[in-house]
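J.:
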Amino acid sequence: MSISISVQAGTFDVGVEYAGLREGNVADGATAIFVGSVRDFNLDQSVAQLELEHYPGMTEKVLEDIAGRAQQRWQLGRVRLVHRVGPLLPGDDIVFVGACAPHRQAALDACAYMIDFLKTEAPFWKKEYGRDGVRWVDAREGDREALKKW
Amino acid sequence: MIRVLFFAGLREQLGCADVSVPAGSGTTLAGLRAQLGERDATWQRALADENVQMALNRQMAKSDSIVRDGDEVAFFPPVTGG
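These protein sequences, in sequence, are chains A and B. Start counting the first sequence at 1; every next residue gets the next number (this note's numbering). Start counting the second sequence at 1; every next residue gets the next number (this note's numbering).
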């Protein structure tokens, strides 16, 4: 049972992250992974670039708290959260959520739980640079709604 | 002193990333927010936005939380990561 968190400007390699969850891990028969990437279109505005701001110090604390809550709720093995900050382009990966568990349901549920809470609790903000100018992305009501299932 | 940080769109509206203010006894986050809003019309308007969220010592916090000397407070728009 371990939690690993990274908030980083550089890209991440899904294969390397998966290998980190699996290497020498014979206790967990299931690994669930979620990867979020930059879309090129948001609310009718074509997006050329994204800038991700965060609150250093609080971000890591919140991500650890979310992962810790998931570990209390499900029987989990390794948990890995990676979130990028700084400038990003359409198609770039932004976030990696990985959860290992002895069985699949715990891994799948914990993975979904962590990305749902990350979206509403972790202090990240997206700024879009598009054809029609620059705008801060508004929070989506659907993200709050998604928490109700937990 | 209390260190106050602002992020994202709110920081841009205020043209300010952080300020330090003297700690008053028994000040709440709501009190601190109102006090900062007295700076001028821009601060008043930006901090009156009910969507603005608050953190106290890097944890999400409610309006009635007490702020003490040495604390770090942050105000910011709803988060949009992931």
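Cβ atoms here follow ideal geometry from the backbone N, Cα and C, with glycine treated the same way.
Check this for me: beta carbons of Leu-5(B) and Ala-17(B), under 8 Å apart or not?
T.: It is a contact, given that the beta carbons lie within the stated cut-off.
J.: Would you mind telling me which residues of chain B sit closer than 9 Å to Ala-139(A), beta carbon to beta carbon, in chain order?
T.: Simply Asn-51, Pro-77, Pro-78, Val-79 and Thr-80.
J.: Would you kindly report the start and end of the unbroken beta strand (DSSP E) that includes Val-82(A)?
T.: That run of the beta strand (DSSP E) goes 78-84.
J.: Got a sec? Which residues, its chain only, sit under 6 Å from Asp-40(A) by beta carbon, not counting five neighbours each side?
T.: Counting only Cβ-Cβ distances below 6 Å, and skipping sequence neighbours, we find Val-47 and Pro-90.
J.: Just to check my reading of the structure: Ser-37(A) and Ile-94(A) have Cβ atoms closer than 8 Å, yes? What is that Cβ distance to the nearest angstrom?
T.: Going by Cβ atoms, the distance from Ser-37(A) to Ile-94(A) rounds to 6 Å, so yes, they are a contact pair.
J.: By the three-class DSSP mapping on this structure, what secondary structure does Trp-136(A) have?
T.: Trp-136(A): strand per DSSP, three-state reduction.
J.: Are the segment 34-47 of chain B and the segment 97-104 of chain A touching by the rule of at least three beta carbon pairs closer than 8 Å?
T.: Output reads no: the segment 97-104 of chain A does not touch the segment 34-47 of chain B.
J.: Can you tell me where the alpha helix (DSSP H) holding Lys-127(A) begins and where it ends?
T.: Segment 124-130 is the beta strand (DSSP E) holding Lys-127(A); no alpha helix (DSSP H) there.
J.: Given the structure, does Asp-13(A) come close to the ligand NAP, in the sense that its CB is under 7 Å from one of the ligand's heavy atoms?
T.: This structure does not include the ligand NAP; it has no bound ligands of any sort.
J.: Residues in the same chain with beta-carbon distance under 7 Å from His-54(A), minus the five sequence neighbours each way, listed in chain order, please.
T.: Closer than 7 Å at Cβ, skipping near neighbours: Val-7, Val-85, Pro-123 and Phe-124.
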